[in-house]
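Protein chains in written order, with the working numbering: chain F, 1 to 221; chain B, 1001 to 1221; chain X, 2001 to 2221; chain Z, 3001 to 3221.
Every residue, glycine too, gets a C-beta built ideally from N, C-alpha and C.
Note that this is a predicted model, so its numbers are computed, not measured.
There are 4 protein chains.
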Amino acid sequence: MSHPLSVVPASEPHKRERRKEARPGELLEAALDLFVEKGYAATRAEEVAVRAGVSKGTLFLYFPSKEELFKAVVRENLARTVSEGASALEGFDGPTGDLLTHLMQQWWARYGATKASGISKLIISEASNFPELARFYQDEVVTPGTDLVRRVLQRGIDRGEFRDVDMHHTVHAVMAPLIFLVMWKHSLAPCCGAANTIDPEKFIAQHADLMVRGLLKEKEA
Amino acid sequence: MSHPLSVVPASEPHKRERRKEARPGELLEAALDLFVEKGYAATRAEEVAVRAGVSKGTLFLYFPSKEELFKAVVRENLARTVSEGASALEGFDGPTGDLLTHLMQQWWARYGATKASGISKLIISEASNFPELARFYQDEVVTPGTDLVRRVLQRGIDRGEFRDVDMHHTVHAVMAPLIFLVMWKHSLAPCCGAANTIDPEKFIAQHADLMVRGLLKEKEA
Amino acid sequence: MSHPLSVVPASEPHKRERRKEARPGELLEAALDLFVEKGYAATRAEEVAVRAGVSKGTLFLYFPSKEELFKAVVRENLARTVSEGASALEGFDGPTGDLLTHLMQQWWARYGATKASGISKLIISEASNFPELARFYQDEVVTPGTDLVRRVLQRGIDRGEFRDVDMHHTVHAVMAPLIFLVMWKHSLAPCCGAANTIDPEKFIAQHADLMVRGLLKEKEA
Amino acid sequence: MSHPLSVVPASEPHKRERRKEARPGELLEAALDLFVEKGYAATRAEEVAVRAGVSKGTLFLYFPSKEELFKAVVRENLARTVSEGASALEGFDGPTGDLLTHLMQQWWARYGATKASGISKLIISEASNFPELARFYQDEVVTPGTDLVRRVLQRGIDRGEFRDVDMHHTVHAVMAPLIFLVMWKHSLAPCCGAANTIDPEKFIAQHADLMVRGLLKEKEA
DNA sequence: AATGAATGAGTATTCATTCAT
DNA sequence: TATGAATGAATACTCATTCAT
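Here it is, written out as structure tokens:
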């Protein structure tokens, strides 16, 4: 792309060095794949290394233990998620039902559909073995998520669009099918064929539609 | 040793024998607890034996391997669940909304709230390592479950109570929060304190209310 | 040895059971040999197991780690030593020089010449890696040992046989060649041939003679 | 590159080169410290490099293996010792007792008290794993040392000062406490507090006094 | 010459499984 | 049947050594 006669090779670091900087990321990606696919215990450290194209020893050069690797995978992928979202709420101007629907679809597109969503499955599967991570997930993902949904519902109520529902449990009722969808995608879906296939977009659309209808104040004559 | 004509009631077997017959059950129960709590890999065979009050060797007398024990735990507890339910649908006479709500509450009382619900968590956590079990679960639980819900929804539509929704995805939207609740109970709930506590009955009530409202045909003036 | 027609087989425990009770001892003995011969780090756990005639796994059935095995070896062999000795001092009636000489010879016969003396070499070699053990050795062996020698020297002084020497350093001067002898036996002696061979008994005799002569009050005309 | 006839003073090497020449020495010193402190096996190559202020790779530039580094450390520090001593014997004119005492004090000041004495501890600790080094030590240190002491004792006998003792074992009786002192300094002393503290100079003085008194012919009236 | 990223052989330790009693 | 001592395959992790830069 640069001019054929350009004499600027500077920005091209040595292979070795580029490698070094890329390593942790490559390892985390390989680890994410395998942990999600097989679970924490069934994933061997060497497998991760091999999939990342390095040797066993190299893995332990970057992560002091399998457990720390696991934690790093979780943090890495949660961090990605946490920061995103929330901003959509601000500038939005239409009916809250549309906002809610939009947010759910966005969540799927940006998190649920990505590899990172395997993290949710992982956390839930391994929560009792890594209580520290469970709490981390709770604080960094669950709570911010519920807060966001709560604000949206409150907006609907405040604007007279939604009924005055039991906020706490409604929030979870809104989110539950999303979590379910992610779990499903990473557990039964890959195994079990056509029969109960779920189309995520349609599923979310249907769920959103039911929720919004269920939340709306009944129009009176 | 006892007199050949003794009238010792047949139904009172010797302690030993009673024990013997109870063994597999005791082992399965202990195994269920531990598998649910810690996952398949993190559960040691000896732990199961100890909790069941027998020695390591005895466990392998009844189950040829840890894997078979796991499968037995799953089958045993699925069997329990599958047969129940379904009958409620027949005799019911009121509005379908009430029927749906009733069914969900029953499901929680009879399955979700019991130890056996740990099976769902187990299956989902270990699905990729035991695809055979995942398929078994799919066939024996998911499909019958969705069928049941489908029949209920169809009843509502047929009776002109419910809108004519996308049946397939609505069925899953109805069930998703129930599955979510079970997963939650067996993963994050035990770790993470007060903050996001979910009251199952209220949660289901709220979910049911939203669903039913979302399904009902809008009353026209 | 027992009467050929004796019908008393009772005291002969089953092979298995006898084994079980003997195991820890057999393992400790094998470990002592290898640790002394090759040092802590250069001794592989499996080697110990094999020499004891069991498998790797069995070793860890009796000792939770290599480090604990090492500590057990030390404690086992120190315990043996500590309790012995000291009693000789009481009943003795002759000249203190003879007592001192006797004690040194006994020490060699009962400890220095046995395999257990390898422990001293071990402790000294590994002291900085196992400070806890070093302190244990200090408390259980060095201090009681020096106390004993101190009492003997004091007896000599009190009885007017010995000069009134710098007690503290004299005690160590008495003991030093004994420790040296043990170190020598377990380090250079096995490697290096005839040249500097030391005959322990003669060496101790010579050392004792020099010490006693050095301690005695000069006979005046 | 520099002008062939440049007059840059030869004795002022470039920093780099001076460094380069110093490297092996710095590495050997760092290695001595660590080997003595922690033993051969417990000392990691990288630690040595870091303490010497170079990278791991550089260590292997100068020494082909950890084992060779170890041997070099031993040889280097033995060489230092061996050449010294011996000369004192020649010019000495007073009583042999004084000579012996003087030699022992000198030995401590020039070897025992220095870091190099750690070599003796090292050799004794690792003798069985490095028999070749043990033999080297035997030839280069033990034998010359005993020869020296023997000559001194012989001088005392020849001059009618000392009794005609069992030369071989007396030589070792003279040396044993010195070796002991070095071992003590590098093993238990650093771990174990005040209780059995030994003051080297006083200890040697006491030992020398006892030896000389033990060796002297009894003065007859 | 110097670096430090990468390697992989080597070792402690775990745990499902077996089997003599 | 029941036991629990014994086994050994499997796996995380270390560290001396190499080599591209």
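_chain X residues whose Cβ lies nearer than 8 Å to that of THR3170 of chain Z_ = In chain order: GLN2206, LEU2210.
_Contained beta strand (DSSP E) runs [length at least 3] in the stretch 3171-3195 of chain Z, N- to C-terminal order_ = Restricted to the stretch 3171-3195 of chain Z, not a single beta strand (DSSP E) segment is unbroken, complete and at least 3 residues in length.
*Decide if the stretch 141-149 of chain F is in contact with the stretch 1198-1215 of chain B; the criterion is three or more beta carbon pairs, one per stretch, under 8 Å apart.*
Below 8 Å, too few C-beta pairs join the stretch 141-149 of chain F and the stretch 1198-1215 of chain B to call them touching: fewer than three.
_Taking the beta carbon of GLU2021 of chain X as the centre, do at least 16 other beta carbons fall within 10 Å, making it buried, or is it exposed?_
Flag for GLU2021 of chain X reads exposed.
*Does any heavy atom of the ligand FMN sit closer than 6 Å to the C-beta of GLU3161 of chain Z?*
For the ligand FMN, the structure offers nothing, since it holds no ligand at all.
*Check the C-beta distance from HIS1172 of chain B over to PHE203 of chain F and give it rounded, since I have them as a contact under 8 Å.*
6 Å between Cβ atoms; contact.
*Would you mind stating whether GLU37 of chain F and SER1128 of chain B have Cβ atoms separated by less than 7 Å?*
Yes, these two residues count as a Cβ contact at 7 Å.
*Under the DSSP definition of a beta bridge, which residues are partnered with LEU2216 of chain X?*
Partner(s): X:PHE2162.
*Could you check which residue in B:PHE1180, B:PRO1190, B:PHE1092 has the C-alpha nearest to that of TRP1108 of chain B?*
Among B:PHE1180, B:PRO1190, B:PHE1092, the Cα nearest to that of TRP1108 of chain B belongs to B:PHE1180.
*Cβ of HIS3 of chain F less than 7 Å from any chain B Cβ?*
The predicted model places HIS3 of chain F with a pLDDT of 44, which falls under 50 and marks its position as unreliable; any figure quoted below should be read in that light. Residue-level contact by beta carbon fails for HIS3 of chain F and chain B, as no gap is shorter than 7 Å.
_Less than 7 Å between the C-beta atoms of ALA2088 of chain X and PRO3177 of chain Z, yes or no?_
Taking 7 Å as the cut-off, the Cβ atoms of ALA2088 of chain X and PRO3177 of chain Z do not count as close.
*Does the stretch 1024-1034 of chain B come close enough to the stretch 1060-1078 of chain B to have 3 or more Cβ pairs within less than 8 Å?*
With contact defined as three or more Cβ pairs closer than 8 Å, the stretch 1024-1034 of chain B and the stretch 1060-1078 of chain B are in contact.
*Using a Cβ-Cβ cut-off of less than 8 Å, give me the residues of the stretch 1139-1157 of chain B that come near chain F, in sequence order.*
The stretch 1139-1157 of chain B vs chain F, Cβ under 8 Å: VAL1142, THR1143, THR1146.
*Which residue's Cα is closest to the Cα of SER2055 of chain X: X:ALA2042, X:LEU2027, X:ASN2077?*
Comparing Cα positions, the closest option is X:LEU2027.
*Say whether chain X places a C-beta atom closer than 7 Å to the C-beta of ARG3016 of chain Z.*
Caution is warranted here: a pLDDT of 49 is assigned to ARG3016 of chain Z, below 50, making its placement in the model unreliable, and no coordinate value can be reported.
*Identify every run of the beta strand (DSSP E) within the stretch 1055-1091 of chain B, keeping only runs that are complete inside it and at least 3 residues long; order them along the chain.*
Every candidate beta strand (DSSP E) stretch fails here, since none sits fully inside the stretch 1055-1091 of chain B while reaching 3 residues.
*Evaluate MET2211 of chain X with the Cβ neighbour count: other Cβ atoms within 10 Å of its Cβ, from every protein chain shown; 16 or more gives buried, anything less gives exposed.*
Around the beta-carbon of MET2211 of chain X, 16 or more other beta-carbon atoms lie within 10 Å, marking it buried.
*Are LEU2103 of chain X and PHE2092 of chain X closer than 7 Å when you measure CB to CB?*
Contact flag unset, no.
_GLY112 of chain F (DSSP reduced to helix, strand or coil)_ = GLY112 of chain F falls in the helix class under three-state DSSP.
_Quick check: what's the CA-CA separation for VAL2050 of chain X versus ARG2044 of chain X?_
Spanning the alpha carbons of VAL2050 of chain X and ARG2044 of chain X requires a straight line of approximately 10 Å.
*Expressed to the nearest angstrom, what Euclidean distance is found between the alpha-carbon atoms of GLY2053 of chain X and SER3125 of chain Z?*
If you take the alpha carbons of GLY2053 of chain X and SER3125 of chain Z, they lie about 28 Å apart.
*asked:* On a Cα-Cα basis, can you pick out the residue from F:LEU216, F:HIS186, F:VAL182, F:GLY112 that is closest to VAL165 of chain F?
replied: The shortest C-alpha separation from VAL165 of chain F is found at F:LEU216.
*Taking Cβ to Cβ, would you say ARG1135 of chain B is nearer than 7 Å to CYS191 of chain F?*
Cβ atoms of ARG1135 of chain B and CYS191 of chain F: closer than 7 Å.
*asked:* Am I right that MET2167 of chain X and LYS2121 of chain X are in contact with their C-beta atoms under 8 Å? What's the rounded C-beta distance?
replied: Cβ atoms of MET2167 of chain X and LYS2121 of chain X stay farther apart than 8 Å, at about 27 Å.
*Nearest to GLY3025 of chain Z by alpha carbon, out of Z:GLU3067, Z:ALA3072, Z:THR3101, Z:LYS3219?*
From the listed residues Z:GLU3067, Z:ALA3072, Z:THR3101, Z:LYS3219, the smallest Cα separation to GLY3025 of chain Z is found for Z:ALA3072.
*Short CB-CB distance (under 7 Å) between LEU69 of chain F and chain B*: Not one chain B Cβ lies under 7 Å of LEU69 of chain F.
*Indicate whether at least one CB of chain X lies closer than 7 Å to the CB of LYS3185 of chain Z.*
Not closer than 7 Å to any Cβ of chain X, the Cβ of LYS3185 of chain Z fails to qualify, so no.
*Name the chain X residues whose beta carbon is nearer than 9 Å to that of ASP3202 of chain Z?*
Inspection of the sequence shows that residue 3202 of chain Z is occupied by Lys rather than by Asp. The contacting residues are ASP2166, HIS2168, HIS2169.
*Kindly give me the distance between the Cβ atoms of ALA3113 of chain Z and PRO3200 of chain Z, rounded to whole angstroms, as I take these residues to be in contact under 8 Å.*
ALA3113 of chain Z to PRO3200 of chain Z, Cβ: 7 Å. Contact.
*Where does GLY2097 of chain X fall in DSSP's three states?*
The three-state secondary structure of GLY2097 of chain X, taken from DSSP, is helix.
*Buried or exposed: which applies to GLY3214 of chain Z, given that a residue is buried once 16 or more other Cβ atoms fall within 10 Å of its Cβ?*
Burial call: buried.
*Nearest to VAL3152 of chain Z by CA position, among Z:GLY3094, Z:TYR3111, Z:ALA3079, is which residue?*
Nearest C-alpha to VAL3152 of chain Z: Z:GLY3094.
*Taking the continuous alpha helix (DSSP H) assigned at GLU2132 of chain X, which residues delimit it?*
Note, GLU2132 of chain X: alpha helix (DSSP H), 2131-2137.
_Where GLY3214 of chain Z meets chain X, residues with beta-carbon distance less than 8 Å_ = Under the 8 Å cutoff, chain X gives ASP2209, LEU2210, MET2211, VAL2212, ARG2213, GLY2214.
*Name the two residues that bound the continuous alpha helix (DSSP H) containing GLY2118 of chain X.*
Its alpha helix (DSSP H) spans residues 2118-2126.
*Within 10 angstroms of its Cβ, does GLY2156 of chain X collect 16 or more other Cβ (buried), or is it exposed?*
That one is buried.
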